[in-house]
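Below is one structure, written out as structure tokens, with a few remarks after it.
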Amino acid sequence: MSELSREGFCMGGRGESTPRDARTDSVAREAPGRGDLFPRPGVVSCVLLAATLVVLIPSLAAAQSCLACHGSHEFMAGVTGDSARAARLSVDPAEFASTVHGALGFSCDACHVGIGDFPHGASHRVECGGCHYREREQLAQSVHGRSHPLTGEEPATCVDCHSDHHIRRPTDPRSTVYRLTQFETCAVCHQDAERMRRFGQENVRTVTTYLNSVHGRGLLAKGLTVAPVCTDCHGERGSGAHEIQEVAEATCPMNRERVVETCGRCHAGITAQYDRGIHGEQFREGNPDAPTCISCHAEHGIQPVASPESGVNPRHISRTCTACHDQEEFNAKYGLGVARGRTFDRSFHGIALRSGQVTVASCESCHGAHEILPSSDPNSTIHADNLVATCGSCHPGIGKGVAQGRIHVVSFVDEKSAVGLAVQWFYILVIGVTVLYAVGLIALDQYRYRVVDPRRGGGRHA
Ligand code: HEC
Ligand code: HEC
Ligand code: HEC
Ligand code: HEC
Ligand code: HEC
Ligand code: HEC
Ligand code: HEC
Ligand code: HEC
Ligand code: HEC
Ligand code: HEC
Ligand code: HEC
Numbered sequence: 014m015s016e017l018s019r020e021g022f023c024m025g026g027r028g029e030s031t032p033r034d035a036r037t038d039s040v041a042r043e044a045p046g047r048g049d050l051f052p053r054p055g056v057v058s059c060v061l062l063a064a065t066l067v068v069l070i071p072s073l074a075a076a077q078s079c080l081a082c083h084g085s086h087e088f089m090a091g092v093t094g095d096s097a098r099a100a101r102l103s104v105d106p107a108e109f110a111s112t113v114h115g116a117l118g119f120s121c122d123a124c125h126v127g128i129g130d131f132p133h134g135a136s137h138r139v140e141c142g143g144c145h146y147r148e149r150e151q152l153a154q155s156v157h158g159r160s161h162p163l164t165g166e167e168p169a170t171c172v173d174c175h176s177d178h179h180i181r182r183p184t185d186p187r188s189t190v191y192r193l194t195q196f197e198t199c200a201v202c203h204q205d206a207e208r209m210r211r212f213g214q215e216n217v218r219t220v221t222t223y224l225n226s227v228h229g230r231g232l233l234a235k236g237l238t239v240a241p242v243c244t245d246c247h248g249e250r251g252s253g254a255h256e257i258q259e260v261a262e263a264t265c266p267m268n269r270e271r272v273v274e275t276c277g278r279c280h281a282g283i284t285a286q287y288d289r290g291i292h293g294e295q296f297r298e299g300n301p302d303a304p305t306c307i308s309c310h311a312e313h314g315i316q317p318v319a320s321p322e323s324g325v326n327p328r329h330i331s332r333t334c335t336a337c338h339d340q341e342e343f344n345a346k347y348g349l350g351v352a353r354g355r356t357f358d359r360s361f362h363g364i365a366l367r368s369g370q371v372t373v374a375s376c377e378s379c380h381g382a383h384e385i386l387p388s389s390d391p392n393s394t395i396h397a398d399n400l401v402a403t404c405g406s407c408h409p410g411i412g413k414g415v416a417q418g419r420i421h422v423v424s425f426v427d428e429k430s431a432v433g434l435a436v437q438w439f440y441i442l443v444i445g446v447t448v449l450y451a452v453g454l455i456a457l458d459q460y461r462y463r464v465v466d467p468r469r470g471g472g473r474h475a
């Protein structure tokens with residue numbers, strides 16, 4: 014298979030460039046979005062040859078003739094008598110010449126096929142896919158290209174994302190799909206409540222939530238081109254935008270089935286730790302209770318660990334873990350006994366943490382964050398043989414005995430022990446009766462002083 018046809022532009026990419034291929038092809042690539050963002054030599058030469066033959070030669074003169082009228086806003090305003098319509102009908106010659114198609118010397122009728130001289134006949138809708146087969150086919154399979162059951166419309170077309178006469182290469186900072194500003198293009202629709210509701214979508218906060226996250230700030234404040242943009246998470250690596258699927262689809266990179274793999278494109282080290290831990294193991298076995306990256310970190314609103322807004326900040330991590338580990342049913346199902354959050358809250362560390370002392374141990378200090386293992390596993394940080402090291406990271410020189418003391422302070426109620434409960438209730442009863450007895454005595458005494466024999470009461474003696 015030659016390099017050219019594998020790229021899919023000339024061959025239309027049928028059968029060659031399925032999402033799955035794109036994924037396997039991309040394994041070797043380091044940076045996300047690289048590769049397909051930049052034109053490859055194969056594509057360029059192939060396309061340029063075709064463009065030169067088909068379009069270029071007869072086109073220069075034609076473009077000039079169209080621009081004789083359409084290049085002037087005043088002229089179009091004069092003819093149509095409508096400034097807004099004139100603006101749509103005008104094409105700035107200098108700007109057009111600097112777009113990707115203009116710079117290649119494309120004539121107007123390369124896109125406006127069969128428009129003819131003025132007065133124009135019936136106009137045809139521009140078909141970008143006539144040349145861009147691969148994109149057309151990918152888009153047709155995606156959430157944006159499928160006709161929507163509620164409206165019968167395609168949610169987004171080429172022009173919605175790329176514009177009509179301002180089309181530039183994605184690597185050009187002026188492009189509507191340039192990495193650092195791509196979100197603005199998505200926001201046009203995804204922040205438009207009325208439009209999204211027509212398509213049955215209620216959530217119009219995705220973009221703002223993303224912009225306030227560690228990833229969005231990385232992009233905006235630091236200008237990090239390696240921070241993930243919308244299409245890195247929602248698209249296949251390298252050919253992002255045209256293959257976006259609903260999150261509910263199993264093929265979507267943000268579907269539960271694939272989200273770990275997708276975060277792992279960039280966070281490879283942490284994903285490897287997660288894979289070794291019990292949560293990763295359970296996830297691979299298809300356990301729907303197992304947490305994935307977004308169970309602990311959120312989706313669009315991911316915050317740095319140090320931020321108090323983060324669900325994995327030491328102050329809040331116990332709440333994040335206990336969303337599962339304090340559920341009675343959950344603990345019964347896995348035979349994990351007591352609720353770990355409640356028992357942690359009663360421990361010295363738990364009490365100190367709630368009073369704002371963030372240097373004490375919270376769940377991840379003892380269990381780790383990603384490579385969490387059961388205490389029975391010899392590699393576990395909480396395996397009996399490793400506790401001296403685990404506690405010792407904060408308590409240098411801690412003795413084996415102390416380190417193995419109960420951390421999750423368990424009460425009789427937690428253990429549901431019959432003897433324990435009996436003892437507990439015995440004490441509650443004895444204390445209750447004693448208090449009642451004492452209060453009764455005082456009350457009777459007061460009654461005698463004030464009601465039965467007032468003359469012997471306090472007042473008269475004074
Ligand atoms: C003599 C001036 C003139 C020339 C030359 C001309 N146009 Fe037009 N064109 C117009 C006017 C005026 C309109 C607006 C017609 C109307 O009132 O809707 C228009 C409309 C259009 C429309 C919109 C059609 C629609 O139905 O909405 C397109 C597309 C277009 N022209 C493309 C072209 C192309 C491509 C060329 C070159 C092959 C070209 N024009 C040459 C004057 C011209
Ligand atoms: C890369 C393809 C492409 C090229 C090249 C191109 N156009 Fe267009 N043009 C479009 C698209 C897409 C639209 C939006 C309407 C549509 O989807 O049919 C459009 C719209 C227009 C309209 C307005 C139609 C309306 O009713 O809103 C005019 C006029 C027009 N083009 C003129 C030109 C002229 C003049 C040139 C040459 C200088 C040119 N176009 C080159 C793709 C192109
Ligand atoms: C007549 C054929 C033709 C039509 C129609 C056409 N294009 Fe292109 N387009 C090309 C060629 C040729 C290139 C240059 C490819 C290259 O050099 O990598 C190109 C480049 C592009 C690029 C930049 C690609 C890159 O890799 O940097 C974008 C984006 C693009 N076109 C979008 C569109 C859109 C959107 C439309 C419809 C409004 C459209 N094109 C219509 C032929 C066409
Ligand atoms: C939902 C928005 C969206 C729609 C709809 C869309 N594109 Fe794109 N397109 C992008 C983005 C974003 C990029 C930048 C690269 C990436 O992230 O995949 C891009 C890149 C491109 C490129 C550069 C080569 C590449 O694949 O990276 C071409 C060519 C292109 N688009 C053409 C089209 C054509 C033709 C259509 C219509 C059939 C279309 N696009 C529809 C958003 C869109
Ligand atoms: C770090 C990865 C990541 C980035 C970057 C990202 N998303 Fe998402 N997005 C997700 C995840 C994960 C979900 C799935 C949430 C779920 O499971 O319900 C999602 C869901 C969605 C949904 C589905 C609707 C909903 O109710 O949540 C839309 C729409 C969406 N994202 C749009 C965007 C847009 C637009 C951008 C860019 C501004 C973006 N996303 C950037 C990870 C990401
Ligand atoms: C022209 C409007 C428009 C633009 C531009 C647009 N979208 Fe969409 N998008 C929609 C609509 C409408 C839907 C809902 C379709 C559906 O639910 O079937 C949608 C659906 C989605 C979904 C699937 C949501 C789900 O339910 O799981 C994601 C993800 C998404 N878009 C991301 C993006 C990204 C990323 C961009 C920018 C590159 C973008 N969109 C640009 C209109 C748009
Ligand atoms: C069970 C909850 C949980 C899951 C699942 C989880 N994380 Fe974390 N993550 C945490 C905690 C807790 C921290 C804070 C660790 C610390 O304080 O050093 C953290 C920290 C991080 C950090 C910052 C690293 C640092 O040390 O500052 C990144 C990046 C990260 N996680 C990515 C991921 C990715 C990617 C996944 C999926 C493979 C994932 N996490 C799954 C709980 C989780
Ligand atoms: C395209 C690459 C990329 C993808 C995909 C990606 N991230 Fe990130 N992530 C980054 C970069 C780069 C940073 C650092 C941003 C900064 O420091 O400004 C980061 C930062 C983080 C942090 C904050 C770490 C800290 O210092 O506290 C967490 C947590 C995180 N990502 C989790 C995730 C999760 C979960 C996913 C999947 C839903 C994901 N990331 C997908 C590149 C990515
Ligand atoms: C989305 C639910 C969920 C969240 C959130 C979660 N876990 Fe788990 N955890 C599980 C499941 C499921 C298992 C596997 C239980 C089993 O197979 O025994 C597990 C197992 C464990 C185990 C091993 C238990 C054993 O002996 O089998 C430990 C320790 C643990 N988790 C600690 C944590 C910590 C610490 C956090 C927070 C950083 C956390 N978990 C967050 C669901 C969760
Ligand atoms: C100071 C260290 C420490 C802290 C903080 C801590 N744990 Fe533990 N955890 C342990 C030790 C030691 C064990 C094993 C002995 C036991 O079961 O008490 C354990 C056991 C567990 C188990 C059972 C795993 C097994 O294999 O037996 C779970 C689940 C668990 N902890 C969850 C949590 C959660 C959730 C938090 C935070 C709310 C937390 N732990 C905070 C040290 C700690
Ligand atoms: C992240 C650091 C950290 C880890 C890990 C840690 N602790 Fe602590 N622990 C503290 C801090 C800080 C205090 C409070 C010290 C003070 O204020 O005197 C504390 C207090 C205690 C106390 C109360 C008595 C005292 O010394 O003040 C005990 C007992 C204790 N830890 C036992 C353990 C055991 C056992 C482990 C391992 C299972 C452990 N700790 C792991 C940070 C940690």
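Residue numbering for the sequence shown follows the working numbering, starting at 14 and increasing by one per position. Every residue, glycine too, gets a C-beta built ideally from N, C-alpha and C.
Same chain only: Cβ atoms within 7 Å of Cys404, ignoring 5 sequence neighbours per side: Ile411, Ala416
Tell me which residues share the same chain as Cys79 and place their Cβ nearer than 6 Å to its Cβ, disregarding the 5 neighbours each side in the sequence. Cys121
With Asn344 as the anchor, note down where its alpha helix (DSSP H) starts and where it stops. 341–346
Using a 10 Å radius around the Cβ and a threshold of 16 neighbouring Cβ atoms, would you call Gln459 buried or exposed? exposed
Please confirm whether Cys309 and Gly324 have their CB atoms less than 8 Å apart. yes
Reducing DSSP to helix, strand and coil, say where Val318 ends up. coil
Residues proximal to ligand 11 by C-beta, any heavy atom closer than 6 Å: Phe361, His362, Ala365, Thr372, Val373, Ala374, Ser378, Cys379, Leu400, Thr403, Cys404, Ser406, Cys407, His408, Val415, Ala416, Gly418, Ile420
Out of curiosity, what's the CA-to-CA distance linking Leu50 and Glu274? Only weak support is given to the placement of Leu50: the predicted model assigns it a pLDDT of 34, under 50, and the value that follows is read from those uncertain coordinates. In a straight line, the C-alpha of Leu50 is about 21 Å away from that of Glu274.
Thinking C-beta only, is Glu259 closer than 8 Å to Val156? yes
Tell me the rounded alpha-carbon separation between Gly248 and Val242. 10 Å
For Arg138, is the beta carbon positioned less than 7 Å from some heavy atom of ligand 2? yes
Which of the three DSSP states, helix, strand or coil, is assigned to Phe212? coil
Using the C-alpha atoms, what's the distance from Tyr146 back to Ile70? In this prediction, Ile70 scores a pLDDT of 44, lower than 50, which makes its location untrustworthy; no coordinate-derived value is stated.
From the beta carbon of Gly369, is the nearest beta carbon of chain B less than 8 Å away? Structure shown: chain B not included; a single protein chain is present.
Here's the rule I'm using: 16 or more other beta-carbon atoms within 10 Å means buried, otherwise exposed. How should Pro467 be labelled? exposed
Identify which residue in Glu270, Gly253, His255, Gln154 has its Cα closest to the Cα of Ala261. Glu270
State the CB to CB distance for the pair Thr219 and His313, rounded to an integer number of angstroms; the pair is presumed to be in contact (CB under 8 Å). 5 Å
Is the beta carbon of His280 within less than 7 Å of some heavy atom of ligand 8? yes
If I'm right that His125 touches Val139 with Cβ under 8 Å, what's the distance once you round it to whole angstroms? 6 Å
Reduced DSSP secondary structure (H/G/I, E/B, other) of Ala116: helix
Determine the direct distance from the alpha carbon of Ile455 to that of Ala382, and round the result to whole angstroms. 58 Å
Determine the extent of the alpha helix (DSSP H) in which Arg101 is found, giving its start and end residues. 96–102
Arg463 - DSSP class collapsed to helix/strand/coil: helix
Just reading off the alpha helix (DSSP H) that Thr222 is part of, what are its end residues? 219–224
Selection from Arg208, Arg210, His228, Ile128 that minimises the alpha carbon distance to Leu193: His228
With burial defined as no fewer than 16 other Cβ atoms inside 10 Å of the residue's Cβ, what is the status of His292: buried or exposed? buried
State the CB to CB distance for the pair Ser331 and Cys376, rounded to an integer number of angstroms; the pair is presumed to be in contact (CB under 8 Å). 6 Å
Hey, which unbroken runs of the alpha helix (DSSP H) at 4 residues or more fall wholly within the region 331–409? 341–346, 353–358, 361–367, 376–380, 400–405
Let me know if Leu366 comes out buried or exposed under the rule of 16 or more other beta-carbons within 10 Å of its beta-carbon. buried
Quick one: using the 10 Å Cβ neighbour count with 16 as the cut-off for buried, is Ser226 buried or exposed? buried
Is there contact between the region 107–114 and the region 178–193, where contact requires at least three CB pairs shorter than 8 Å? yes
Is Arg353 close to ligand 10? I mean its beta-carbon at under 7 Å from any heavy atom of the ligand. yes
By Cβ distance, which residues of its chain are closer than 6 Å to Ser378, with the 5 residues on each side in sequence left out? none
Look up Asp257 in the DSSP assignment and say whether it is helix, strand or coil. As written in the sequence, residue 257 is Ile, which differs from the Asp given in the question. The answer is coil: DSSP assigns Ile257 none of H, G, I, E or B.
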